[in-house]
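Participant:
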Amino acid sequence: MGFLRWMFKRRRPEWKLKLPKPEAVLGELAKTPIPPVLTAAVKLVKETFGNCPDVISREVKLDGSPLVAIYVDGLADKSQVEKVLDSLLLKRPLVERAGIELGASLKRWEESGLPMGEIKTARTVGAVVTALLNGETCLFGEEWGQALLIDTKGWEKRAISEPDTETVIRGPREGYVENLRTNTSLIRRRLRHPNLRIEHLVLGDITNTQVAIVYIKGLANDKLVEEVRRRLMRIKIDGVLESNYLEELIEDAPFSPFPQVGHTERPDRSVANLLEGKVTILTDGTPFALSVPVTLSCFMQSPEDYYERWPVALGIRIFRYLSLFISLFLPSLYVAITTFHQEMLPTALTVSLAMQRERVPYPAVVEALLMQITFEILIEAGVRLPRPLGQAIGIVGALVIGEAAVRAGLISAAMVIVIAATAISSFAVPAFDLAIAVRMLRLPMIFFGAVLGLFGIFAGLLLILIHLASLRSFGVPYLAGWAPFIPRDQKDIVVRASWWAMYTRPELMGFADLKREAGDLKPHAPGDRRAIAEEAEAEAKGGTGTEEKALEDREEEKEKAPEYRAGMRRNVRRLRRKGR
Amino acid sequence: MREEGRISTWQLATLLGSFLIGSSTILFPTAKARQDSWLAVLVALVAGVGASWLWLTLTRIQEAPAVSGILLTLGPYLGIPLAILYLWYYLHLGALVVRNISEIYVTAVMPETPIVVFTGILVFLAALAVRGGVEVLGRLAELLFPLLVLAILTGHILIVSTPRLVRWEYLLPVLENGFAPVLQAALSMFAFPFGETVLFVNLVPFTLNKACAGRPVIISTIGVGLLLTVVAALHTATLGADVPRVNFPGLALLHEVNVGDFVTRMEVLGIFVWTFGTFLKIGVCYWALALGLAELLGLEDYRVLVLPLGVIMASLSILVYDTFAAMTTVATSLYPFYAFPFQVLFPLLLLLVAFLRRQKKKAVRPDPKMARKEQ
């Protein structure tokens, strides 16, 4: 082993970026103070950008002394910039009347000169360049030796829409967009608590992508947050275009087929994760947020599970697990049984299968592999094609694979059914990356089943289980819940208990504050023994009984009902008259 | 510590349960008791609980895994030979179990495949698990044990629900030839699954809550023992008193399942239980062997030993018997006497010495807390 490792060890050169970092491009400029002479300062800044046409400067004369505003067209919001210029021009008469030398006094401008949200000052050219690239407007004045950075960020962005990858029947329809600030606001709007922490990092030496670590202080384990920070900080890469760049650089077992970082496009799901004590990582430029740590069971949960009533969610989730097993084992089991263990099936079924297989010219493995590969290609083609063509592919696939192949005697009908059932089952797995992992494992499983029959499948299953049992995601065992077995967490793994029963967070993630709700939330019908007891308790405390109050309310409503209806009728009549 | 991982008491209990289920249902070594085999299992269970209590006490006194414990208690001159003996026992036991399960596959499932394929793959998988450490073993046990129990229960419910299969009168007459054959059979049964739990001396020190390790061990032993009793009774009740004439009674039994002409031939359930049960048993033996050898040799990490030991174990499993008949004969009549010292004598000896040493230590250097109390 040691020898092999030595043989194949890559001697990596020390990491070096070919393109110099922005600071290096600026070179000396980065630390150069802004020259006090206005024209020199403006010239310097514009030359740094190579006199690009989208770097725009506008000069305003104010009280005799000139002011220059520079901004990058497209990064700064036009209307905001106009507001800045507007206020500069409007100030002129004011300044002249008051006789204050606003034009010369930077301090005054900073304090009261501009009606903008965020104003900073910069002393170096480097800071000015960074600010310009962030969409800020820089204001230069004669003899200032500094620049005023005015927050005018605003660029083209997609509107918030429903995510395509995680659609739900019931539940919020908002999805993340490519803008980091919008995404953090989507989280904060759902989670109004000061303990929500958003930490910013800049990753990618050329792209300078903003990355946010989001967590709830006091709920997320401090060590976990520290670990996330550490793993993100060690990333040195030229660019981060999508959160997967980060995912692959921070996961625990880089060679595992199983996803070890969860991702979602839904802010409600992120918030649910945060409430469980997880950490979410947002990346600018992509609507996919990462969440760590995850367990295998997290990938089998759909946000919808929590928005439907629990008996529905419970049943659906059990079927989901069933479909996971089907999609992993059905083809290999079929191959193993038809090849080696015909005696395991009832006689009638064996005969029927044998009759179907009679016309097929090759062994079941070849059949299965052919079908499986065709199916994978079809899926891939369907994903890439434009939507109208995708349907055509579907028809071709169904006809070719389904009817024609069986008629031609190339494939047995039973195999078509097996592959179809497998395909459908694999789409029932809510997390796409887990479904893909399972799809990739299916081919070796078919191979195992074909070579060693049932023993091969058991061996394959053991291999997968051993791998899963040794996997961890940010310190949390991947199979947490089952192994290590946590009785308290069973309410949200294979089954989804009712909301009044899920009174603790997952133990290995939310242990900082385990309790999530009051223990006695189960509702009772009025007249129920428990309800009466509760009422008595409430009365003893001095309040009126809830049931009585409800009854009173209902009576009142009944009394008001005719009045209400009459009112409505009146309104409708009035509206009609207006319409005419 | 050479092993960083820790297991929970639940993991310990499930490991023990899977260990007991493991290969014991493949060959029920209770032939001598004929229709009273279930009684033999019960007697063996009582003895087994006693043996468990014995090694549990040992772990409480030693507080170190087996090999270092032995060395600490007996010193190098007696300790090293005994440790080597024990390591040999682990290796041999592992090899026997590998052979058991491979033999099933070769005899009953895939007769044309050479046995080395099964032994090789099983040992390789066990090696992967052992490299993952005791945590991985514990987690696998936790995952698989409920499935094993479920499969056993399902199998037996199906057997009972098959019409005209179970004849309870086969269990009569009870104690036809007196108690002697039952005791003889119980001795084999004690040696085969129950006494072998002495291996868990290695695992208890790695349990998170060492003080509470005793109860789950005993409960798990009793639970699985009762399950085995039911299994033994059902074997007799379906196949008659001549169970041992059938190669694999469990398989023969499941073969007869027929519920509504559709649920038929549930051998797969048996194969499932045996494959995964023995896998865990092999894993425990293998891990104990690797860890013990690393302790004996003073190695920093036992993982370097895993693959070489696996090769030895796989080869030994092929060499250890010539035929299937030899396997059954050895398991029933020879093995109890071979294993008795490892399962009872040596632990007793160790316990005695450890106890005496502790007494001596106490006498020489009284505990300061105790001294204060006395004042």
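Each protein sequence line maps, in turn, to chains G and U. Its first residue numbered 192, the first sequence is counted upward by one per residue in the numbering used here. Its first residue numbered 2, the second sequence is counted upward by one per residue in the numbering used here. The beta-carbon is built from N, C-alpha and C at its ideal position, and this holds for glycine as well.
Alpha carbons only, please: which of G:Ser689, G:Glu726, G:Asp268, G:Leu659 is nearest the one belonging to Pro675 (chain G)?
Facilitator: Here residue 675 (chain G) refers to the residue found at position 484 of the first sequence. For the residues G:Ser689, G:Glu726, G:Asp268, G:Leu659, the minimum Cα distance to Pro675 (chain G) belongs to G:Leu659.
Participant: Please report the straight-line C-alpha distance between Ala364 (chain U) and Leu357 (chain U), rounded to a whole angstrom.
Facilitator: For the purposes of this step, residue 364 (chain U) is identified with residue 363 of the second sequence, where counting begins at 1. For the purposes of this step, residue 357 (chain U) is identified with residue 356 of the second sequence, where counting begins at 1. Whole-angstrom Cα-Cα distance: 10 Å.
Participant: Given that Ser543 (chain G) touches chain U, what residues does it touch there, using C-beta distances under 9 Å?
Facilitator: Locating residue 543 (chain G) in the first sequence gives position 352, counting from the first residue. Per Cβ cutoff of 9 Å: no residues; Ser543 (chain G) is ~13 Å from chain U at best.
Participant: Please classify Ser9 (chain U): does DSSP put it in a helix, a strand, or coil?
Facilitator: Here residue 9 (chain U) corresponds to residue number 8 of the second sequence, with the count starting at 1. The answer is coil: DSSP assigns Ser9 (chain U) none of H, G, I, E or B.
Participant: Check the Cβ of Arg266 (chain U) against every Cβ in chain G and list those closer than 7 Å, keeping chain order.
Facilitator: What you label residue 266 (chain U) is simply residue 265 of the second sequence in a count that begins at 1. Near Arg266 (chain U) (Cβ distances below 7 Å), the residues of chain G are Glu534, Met535.
Participant: When the Cα atoms are used, what is the spatial distance from Thr529 (chain G) to Gly23 (chain U)?
Facilitator: Position 338 of the first sequence, counted from the start, is the residue given in the question as residue 529 (chain G). Position 22 of the second sequence, counted from the start, is the residue given in the question as residue 23 (chain U). Distance between the alpha carbons of Thr529 (chain G) and Gly23 (chain U): 28 Å.
Participant: By the criterion of Cβ-Cβ separation under 8 Å, what are the contact partners of Thr26 (chain U) in chain G?
Facilitator: By one-based count along the second sequence, residue 26 (chain U) stands at place 25. The contacting residues do not exist; Thr26 (chain U) stays about 17 Å from chain G at best.
Participant: Please confirm whether Ala327 (chain U) and Val307 (chain U) have their CB atoms less than 9 Å apart.
Facilitator: Counting from 1 along the second sequence, the entry for residue 327 (chain U) is found at position 326. Counting from 1 along the second sequence, the entry for residue 307 (chain U) is found at position 306. Not in contact: Ala327 (chain U) and Val307 (chain U) (Cβ atoms no closer than 9 Å).
Participant: Under 9 Å between C-beta atoms, does Leu16 (chain U) make it to chain G?
Facilitator: Your numbering for residue 16 (chain U) matches position 15 in the second sequence. Not closer than 9 Å to any Cβ of chain G, the Cβ of Leu16 (chain U) fails to qualify, so no.
Participant: Consider the Cβ of Gln516 (chain G): report whether some Cβ of chain U lies at a distance smaller than 9 Å.
Facilitator: Looking up residue 516 (chain G) in the first sequence gives position 325. In the sequence on display, residue 516 (chain G) carries Phe and not Gln. Not an interface residue.
Participant: Following the continuous beta strand (DSSP E) through Lys713 (chain G), name the residue where it begins and the one where it ends.
Facilitator: Mapped onto the first sequence, residue 713 (chain G) falls at position 522. Here Lys713 (chain G) belongs to no beta strand (DSSP E), and DSSP marks it neither H nor E.
Participant: Is the shortest distance between the beta-carbon of Thr538 (chain G) and the beta-carbons of chain U less than 9 Å?
Facilitator: For the purposes of this step, residue 538 (chain G) is taken as residue 347 along the first sequence, with counting starting at 1. Closer than 9 Å: yes.
Participant: If you compare alpha carbons, which of G:Pro224, G:Val228, G:Ala619, G:Val272 is closest to Ile247 (chain G)?
Facilitator: Here residue 247 (chain G) is taken as the residue at index 56 of the first sequence, counted from 1. Checking every option, the nearest Cα to that of Ile247 (chain G) belongs to G:Val272.
Participant: From Gly430 (chain G) to Pro66 (chain U), what does the alpha carbon distance come to, in whole angstroms?
Facilitator: The count along the first sequence starts at 1 and reaches residue 430 (chain G) at position 239. The count along the second sequence starts at 1 and reaches residue 66 (chain U) at position 65. One C-alpha to the other measures close to 51 Å.
Participant: Compare the beta carbon distance of Ser103 (chain U) and Val260 (chain U) with 9 Å and say whether it is the shorter of the two.
Facilitator: In the second sequence, residue 103 (chain U) corresponds to position 102, counting from 1. In the second sequence, residue 260 (chain U) corresponds to position 259, counting from 1. No.
Participant: Could you tell me whether the Cβ of Leu670 (chain G) comes closer than 9 Å to any Cβ of chain U?
Facilitator: In the first sequence, counting from the first residue as 1, residue 670 (chain G) sits at position 479. Yes - at least one Cβ of chain U is within 9 Å of the one on Leu670 (chain G).
Participant: Since Tyr87 (chain U) sits in a beta bridge, which residues does DSSP pair it with?
Facilitator: Here the question's residue 87 (chain U) lines up with position 86 in the second sequence. Answer is none; Tyr87 (chain U) lacks a bridge partner.
Participant: For Thr198 (chain U) versus Leu349 (chain U), is the C-beta spacing smaller than 9 Å?
Facilitator: Your numbering for residue 198 (chain U) matches position 197 in the second sequence. Your numbering for residue 349 (chain U) matches position 348 in the second sequence. No, Cβ-Cβ distance for Thr198 (chain U) and Leu349 (chain U) is not below 9 Å.
Participant: Looking at chain G, which residues of the stretch 127 to 143 of chain U have a Cβ within less than 7 Å of any of its Cβ atoms?
Facilitator: Those would be Leu129, Ala130, Gly133, Val137, Arg140, Leu141, Glu143, in chain order.
Participant: Please list, in chain order, the chain U residues whose beta carbon lies closer than 7 Å to that of Leu634 (chain G).
Facilitator: On the first sequence, position 443 is the one that residue 634 (chain G) refers to. Those do not exist, as Leu634 (chain G) stays about 19 Å from chain U at its closest Cβ, beyond 7 Å.
Participant: Look up Leu204 (chain U) in the DSSP assignment and say whether it is helix, strand or coil.
Facilitator: On the second sequence, residue 204 (chain U) is found 203 positions in, with the first residue counted as 1. Three-state result, Leu204 (chain U): coil.
Participant: Note down the Cα distance separating Phe531 (chain G) from Tyr512 (chain G), rounded to an integer number of angstroms.
Facilitator: To locate residue 531 (chain G), count along the first sequence from 1; it is residue 340. To locate residue 512 (chain G), count along the first sequence from 1; it is residue 321. Cα to Cα, the separation comes out at about 27 Å.
Participant: Just how far apart, CA to CA, sit Glu309 (chain G) and Ile341 (chain G)?
Facilitator: Locating residue 309 (chain G) in the first sequence gives position 118, where the first residue counts as 1. Locating residue 341 (chain G) in the first sequence gives position 150, where the first residue counts as 1. Cα to Cα, the separation comes out at about 6 Å.
Participant: With DSSP as the reference, please indicate the residues paired to Val98 (chain U) in a beta bridge.
Facilitator: One-based indexing of the second sequence puts residue 98 (chain U) at position 97. Paired residues: none, contrary to the question.
Participant: Any C-beta of chain U within less than 8 Å: which residues of the stretch 674 to 691 of chain G qualify?
Facilitator: Cβ contacts with chain U come from Ala674, Pro675, Phe676.
Participant: So, is the C-beta of Val110 (chain U) closer than 9 Å to a C-beta in chain G?
Facilitator: For the purposes of this step, residue 110 (chain U) is taken as the residue at position 109 of the second sequence. Interface residue, yes.
Participant: Using a Cβ-Cβ distance cut-off of 9 Å, determine whether Phe520 (chain G) contacts chain U.
Facilitator: Taking the first residue of the first sequence as 1, we reach residue 520 (chain G) at position 329. For Phe520 (chain G), the answer is no, since every Cβ of chain U falls outside 9 Å of its Cβ.
Participant: If you draw a straight line from the C-alpha of Arg304 (chain U) to the C-alpha of Leu310 (chain U), how long is it?
Facilitator: In the second sequence, counting from the first residue as 1, residue 304 (chain U) sits at position 303. In the second sequence, counting from the first residue as 1, residue 310 (chain U) sits at position 309. The straight-line gap from Cα to Cα measures roughly 10 Å.
Participant: Could you tell me the alpha carbon to alpha carbon distance between Arg314 (chain G) and Val251 (chain G), rounded to whole angstroms?
Facilitator: Residue 314 (chain G) sits at position 123 when you count from the first residue of the first sequence. Residue 251 (chain G) sits at position 60 when you count from the first residue of the first sequence. So the two alpha carbons sit approximately 21 Å from each other.
Participant: Output yes if chain U places a C-beta closer than 9 Å to the C-beta of Ala463 (chain G); else output no.
Facilitator: For this step, residue 463 (chain G) is matched to residue 272 along the first sequence. No, Ala463 (chain G) does not count as interfacial toward chain U.
Participant: Leaving aside the five residues before and after Gly468 (chain G) along the sequence, list all residues of the same chain whose C-beta is less than 7 Å from its C-beta, in chain order.
Facilitator: Within the first sequence, the letter at position 277 stands for residue 468 (chain G). Excluding residues within five positions, the ones whose Cβ falls inside 7 Å are Leu410, Ala411, Asn412, Arg696, Met700, Gly701, Ala703.
Participant: Can you name, in chain order, every residue of its own chain whose Cβ lies under 8 Å from the Cβ of Gly49 (chain U), other than the five neighbours on each side?
Facilitator: Residue mapping note: residue 49 (chain U) aligns to position 48 of the second sequence, counting from 1. Closer than 8 Å at the Cβ level, and outside the excluded window around Gly49 (chain U), lie Phe191, Pro194, Phe195, Gly196, Thr198, Thr222, Gly226.
Participant: Assess, as a yes-or-no matter, whether the stretch 498 to 516 of chain G is touched by the stretch 235 to 255 of chain U under the definition of 3 or more beta carbon pairs within less than 8 Å.
Facilitator: Flag = no, the stretch 235 to 255 of chain U and the stretch 498 to 516 of chain G do not touch.
Participant: At a CB distance below 9 Å, what residues from the stretch 635 to 668 of chain G approach chain U? Give them in sequence order.
Facilitator: Of all residues in the stretch 635 to 668 of chain G, Leu643, Gly644, Leu645, Phe646, Gly647, Phe649, Ala650, Leu652, Leu653, Leu654, Leu656, Ile657, His658, Leu659, Ala660, Ser661, Pro668 have a Cβ within less than 9 Å of some Cβ in chain U.
Participant: Kindly indicate the opening and closing residues of the alpha helix (DSSP H) around Thr330 (chain U).
Facilitator: For the purposes of this step, residue 330 (chain U) is identified with residue 329 of the second sequence, where counting begins at 1. Looking at the DSSP string, the run of the alpha helix (DSSP H) that includes Thr330 (chain U) is 325 to 330.
Participant: Measure the beta-carbon distance from Thr471 (chain G) to Ala671 (chain G) and round it to whole angstroms, keeping in mind my assumption that it falls under 8 Å.
Facilitator: Walking along the first sequence from the start, residue 471 (chain G) turns up at place 280. Walking along the first sequence from the start, residue 671 (chain G) turns up at place 480. Not really, about 19 Å apart at Cβ, beyond 8 Å.
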